[in-house]
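Report on one structure; see the data block that follows.
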Amino acid sequence: MTLPIHQARAAIVDALAKHASVIIEAPTGSGKSTCVPSFLLDGGLAGHGIIRILQPRRLAARMLARRVAALRGGVLGDEVGYQVRFDNRTSARTRICFETDGISLRRITQSDPALRDTAILVFDEFHERHLFGDLMLGLATQLQSGLRPDLKLVVMSATLNTRELEAYLPGAKVIRAEGRTYPVEIQHIPPNAAFEKAPLWEQAAKMLPTALRHAPDGDVLIFMPGAYEINRTLQTLAHTPAASGRLLLPLHGSLPPAQQDQAAGTGAGSRRIIVSTNIAETSLTIEGVTAIIDSGLVRQAGYDPHRGINTLLTGKISQASAAQRTGRAGRTAPGIAIRLWTERDHQKRALHETPELLRIDLCETALQLKLAGIDDIAGFPWITPPQPQHIENAMVTLTLLGAIDRHGSITPQGRRMAAFPLHPRIARMLIAGDGKDCIPTLCLIAALLQEQSILLNSVDERIRERRRQLAGPEAASDLTLLINAWHFVRERQYTREAGDEIGVQLQAARTVEALQRQLLQIAESQGLYGYEKQPDMDCVYKAVLTAFPDRLAVRIAGDRCSLSGGRRGSTHPSSIVSRQHTLLVAADVQETTVGKNAVDVILSLITAVREEWIDDGFGASLHMRREVGLDTVQAGRVVAEEQTCFGDLVIRSRRRTEVTPDEAAYVLAREVVAGRLSIKAWDASVEEWIARINLVATHCPETGISAIGDEERAAMMEQMIHGAMGSKDVKHANVQPVLSQWLSPLQTATVETMAPNRIRIENGRTPRIQYNDPSGPFIAMRVQELYDTNTLPKLCNGAVRLKAQILAPNQRPVQITDDLKRFWSESYLQIRKDLRGRYPKHEWR
DNA sequence: CTCTCCCT
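If you count by the working numbering, then the first sequence holds residues 4 to 848, one letter each, in order.
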């Protein structure tokens with residue numbers, strides 16, 4: 004059979020012979036992943052070197068290698084091989100190697116920085132923009148312009164952001180090829196407020212009959228953002244007539260493999276409705292789907308570089324992602340895709356998904372680049388550069404972990420950490436266990452933290468009870484449950500019964516064993532020692548704290564905790580750590596959507612911490628603080644606390660009752676300024692006097708009088724209330740003595756002159772001046788009282804114009820002006836006309 | 001309303 008890509012064969016070989024890089028844009032089904040490597044090898048482009056095809060997924064690397072080996076009539080591992088984690092099927096004869104991008108990245112940073120044995124790097128599925136692929140492409144372009152001008156690059160993609168990539172690879176030849184799929188009709192919902200307000204699962208159920216009318220003979224695939232929405236959809240469909248007679252199946256990552264296979268395989272006769280997360284968008288292909296109902300939403304892990312916090316939020320998918328989901332309905336026959344968002348919404352959506360490197364914590368990336376000799380992280384040839392703040396956060400964390408020094412260079416400890424295929428925090432934890440007789444347990448914890456959770460999350464009460472028994476009473480760490488659960492199933496040879504008894508995902512538990520073994524080997528090669536029979540769990544937990552010192556938390560009440568940075572959060576409901584522990588460290592802190600529009604910070608994988616551990620490891624970061632404030636319980640008394648702080652987080656406070664009169668005055672005065680307490684004698688006339696002082700201070704700086712703000716008010720009040728020890732002593736404080744002595748006699752006289760209480764105007768009257776108005780000082784007078792006055796005096800040695808608020812006979816203001824002459828000649832005429840009729844007995848000139 | 005998905 005000939006695939007569409009064959010028509011491009013000559014063009015591809017020719018292009019790569021002449022250019023250092025080639026971009027191949029071809030949709031799914033074009034056969035590019037299986038064919039292009041052979042074109043290149045048979046075209047003689049690889050010389051004696053290896054063609055490495057980078058894949059984002061292990062499964063794809065294995066399957067493609069099998070298929071290509073078979074197509075070329077060879078044995079897997081001979082000419083054609085693959086390498087993924089824990090599984091290497093290559094030999095000295097291998098010329099075409101399918102490998103995961105993580106394997107390639109480790110090779111280039113750890114063992115072979117010049118990729119000496121490699122002739123061509125082929126990046127498959129590049130449009131998915133995974134972190135490792137992006138990094139590899141950057142490093143490969145650096146090699147091309149340095150050690151390896153002969154290295155050739157092929158970047159393949161279904162829907163490419165081609166312009167961005169062409170700009171990134173100047174001189175690259177672009178080749179486009181056709182795909183081969185069946186047409187899929189796309190229907191957006193029309194704008195309809197009532198429909199859009201209904202829950203997602205009801206929307207999906209309502210559109211089911213339309214989907215089935217267009218594609219009655221295939222399976223239906225419904226995309227939902229997460230497990231919760233999937234379960235609600237299944238419940239709704241169970242009562243939907245159109246769905247009757249069809250098999251209803253959930254599909255998401257935390258289902259046991261057997262259930263995933265049931266959804267991913269062919270239906271074997273009965274027609275199905277599969278409700279899935281994003282797992283069905285690229286990772287799993289479901290045969291026989293002809294109708295898609297797409298919620299258009301995705302739950303996505305992220306990282307907020309400004310707050311430095313991990314997130315897991317529900318968001319809208321991009322146009323490219325929607326197209327990919329749509330394509331899932333056209334693999335075997337023409338199909339239909341119903342999108343639960345409007346055409347207008349669609350046009351406003353992002354063209355592509357955000358590249359992973361902009362969405363995740365960059366600690367591990369930065370450390371790997373430092374190891375590769377790239378000290379200036381911002382200067383790396385990023386395809387899409389991360390924000391400076393984002394890089395800065397990684398530097399702060401790496402410094403905290405001792406992986407880089409204050410010049411930003413990698414330390415010997417940093418090199419040791421980078422040898423582990425782990426987040427630098429977790430690598431730091433292993434190193435903290437050096438010589439402490441707990442390395443195997445720490446390697447196990449590292450594997451458990453790094454991989455998907457081995458514990459199933461929706462389990463019944465019986466299993467929860469078994470888990471509580473397994474963790475023991477008054478558990479001090481959620482990690483203990485993970486460790487014990489893992490040992491439980493491993494000692495029983497990962498039998499189904501053992502897994503069911505405590506709700507463990509056996510596949511994940513097996514992966515943990517393989518990873519632990521790999522980590523132990525690396526630990527040995529890095530010279531870590533300490534191989535226990537019975538681990539000292541205190542040492543283990545201290546090592547955990549070393550990895551996450553900035554994720555220390557203090558329980559306030561129940562599930563609520565305070566974290567550093569003034570944040571609040573809740574412990575995860577699955578936590579088994581006893582409530583009596585108040586000082587905690589969380590290995591995972593994530594901001595998560597809760598409810599329709601709210602978010603909360605969730606702390607999981609919690610370990611109770613003893614204060615002396617902080618002293619041991621981070622004594623330098625601890626400091627004492629004396630905090631004085633109003634007692635919340637015994638209301639009104641000023642009390643003091645002695646606080647032990649770690650950064651800005653108060654980890655312990657001791658109540659102290661002795662408060663000095665100075666401290667009490669300080670606290671109470673600020674309560675008054677904030678408006679929560681009042682001094683009876685501090686009335687409007689006091690504020691008026693302050694306004695006069697401030698006017699002079701602003702406009703006559705030569706007098707040396709300074710303005711009175713909140714701090715100065717508080718300072719005055721401290722003197723007035725000195726000796727008061729509680730809020731009830733404040734009210735009758737004596738104001739005048741302090742107020743009158745605030746300024747020297749000369750300054751007081753200056754204020755009286757520059758900003759007098761009363762002032763004589765042209766017609767001989769002496770009105771009072773009102774100072775306490777944001778627009779400036781003014782006199783308020785009835786029209787008649789202003790007759791024979793054309794100019795107003797000035798204040799502050801002529802620097803401030805006095806205003807007149809002109810009142811009607813009933814004292815209502817009609818105008819405010821600082822130009823009386825103009826008033827008489829202009830607006831007065833109209834005002835007189837209006838008022839004369841109403842007040843005929845008054846004098847009107 | 002307990003947890004999207006990959007990878008060294």
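For each residue, glycine too, the CB sits at the ideal point set by N, CA and C.
Going by DSSP in three states, residue i sits in which element: helix, strand or coil?
i: Phe781; result: strand
i: Asp115; result: coil
i: Met855; result: Here the chain has residues from 4 to 848 only, and residue 855 is not among them.
i: Cys542; result: helix
i: Pro732; result: According to the sequence shown, residue 732 is Asp rather than Pro. In this structure, Asp732 counts as helix in the three-state DSSP scheme.
i: Lys797; result: strand
i: Leu586; result: strand
i: Met432; result: helix
i: Asp686; result: coil
i: Ser743; result: helix
i: Arg302; result: strand
i: Asn281; result: helix
i: Gln537; result: coil
i: Asn487; result: helix
i: Leu566; result: strand
i: Lys1; result: Residue 1 lies beyond the range of the chain shown here (4 to 848); nothing can be said about it.
i: Phe42; result: helix
Quick check on the DSSP output: the beta strand (DSSP E) that includes residue i runs from which residue to which?
i: Arg657; result: Leu652 to Arg659
i: Glu705; result: Element bounds for Glu705: n/a, residue is neither H nor E.
i: Val631; result: Leu625 to Leu633
i: Val580; result: Careful: Val580 lies outside any beta strand (DSSP E) and carries neither H nor E.
i: His191; result: Val187 to His191
i: Ile809; result: Lys806 to Leu810
i: Ile54; result: Ile53 to Gln58
i: Gln646; result: Val641 to Phe649
i: Asp437; result: Element bounds for Asp437: n/a, residue is neither H nor E.
i: Tyr85; result: Val83 to Val87
i: Ser607; result: Ala601 to Ala611
Near residue i, which residues of its chain fall below 7 Å by C-beta distance, leaving aside the five closest residues on each side in sequence?
i: Cys799; result: Leu698, Val699, His702, Cys703, Met757 and Ala758
i: Val78; result: Ala72
i: Glu82; result: Arg75, Arg96, Thr97, Arg98 and Ile99
i: His191; result: Arg342, Trp344, Thr345, Glu346 and His349
The alpha helix (DSSP H) with residue i in it runs from where to where?
i: Met757; result: Pro748 to Met757
i: Thr402; result: Pro391 to Leu403
i: Leu366; result: The residue asked about is misnamed: residue 366 is Cys in this sequence, not Leu. Unbroken alpha helix (DSSP H) run through Cys366: Cys366 to Leu374.
i: Glu263; result: Checking the sequence shown, residue 263 turns out to be Gln, not Glu. Its alpha helix (DSSP H) spans residues Pro260 to Ala267.
Run the CB neighbour count on residue i, radius 10 Å, all protein chains shown included, and call it buried at 16 or more, exposed below.
i: Ser709; result: exposed
i: Trp685; result: buried
i: Gln371; result: buried
i: Gln390; result: exposed
i: Leu749; result: exposed
i: Asn281; result: buried
i: Lys155; result: buried
i: Ile858; result: Because the chain is modelled from 4 through 848, residue 858 falls outside the range shown and cannot be assessed.
i: Lys35; result: buried
i: Gln238; result: exposed
i: Pro816; result: exposed
i: Val39; result: buried
Excluding the 5 residues preceding and the 5 following residue i in the sequence, name in chain order all residues of the same chain whose CB lies nearer than 8 Å to its CB.
i: Arg362; result: Gln303, Ala304, Gly305 and Tyr306
i: Arg771; result: Asn760, Arg761 and Ile782
i: Leu374; result: Thr112, Gln113, Ile413, Gly417, Arg418 and Ala421
i: Ser107; result: Arg55, Leu57, Leu124, Phe135 and Met139
i: Ala550; result: Leu404, Arg428, Ile429, Arg431, Met432, Ala435 and Ala590
Can residue i be considered in contact with the ligand GTP, in the sense that its beta carbon sits closer than 8 Å to one or more heavy atoms?
i: Asp562; result: The ligand GTP is absent from the structure shown, which contains no ligands of any kind.
Given residue i, which residues of its chain have a CB within under 6 Å of its CB, disregarding the five upstream and five downstream residues?
i: Thr400; result: Cys366
i: Tyr230; result: One point to set straight first is that residue 230 is Ala, not Tyr, in the sequence displayed. The residues are His255.
Cβ contact check for the segment 419 to 439 and the segment 452 to 468: 3 or more pairs under 8 Å: At 8 Å Cβ cutoff, the stretches touch.
Inter-stretch contact at 8 Å, needing at least 3 Cβ pairs: the segment 722 to 741 / the segment 668 to 685: yes
Any 3 or more C-beta pairs closer than 8 Å across the segment 610 to 617 and the segment 582 to 591: Output reads yes: the segment 582 to 591 touches the segment 610 to 617.
Touching by the beta-carbon criterion (3+ pairs, under 8 Å), the segment 491 to 499 and the segment 508 to 522: yes
At least three beta-carbon pairs within less than 8 Å, the segment 209 to 222 to the segment 242 to 256: When Cβ pairs closer than 8 Å are counted between the two stretches, the segment 209 to 222 is seen to touch the segment 242 to 256, the count reaching three or more.
Given 8 Å, three or more beta-carbon pairs between the segment 351 to 362 and the segment 228 to 243: no
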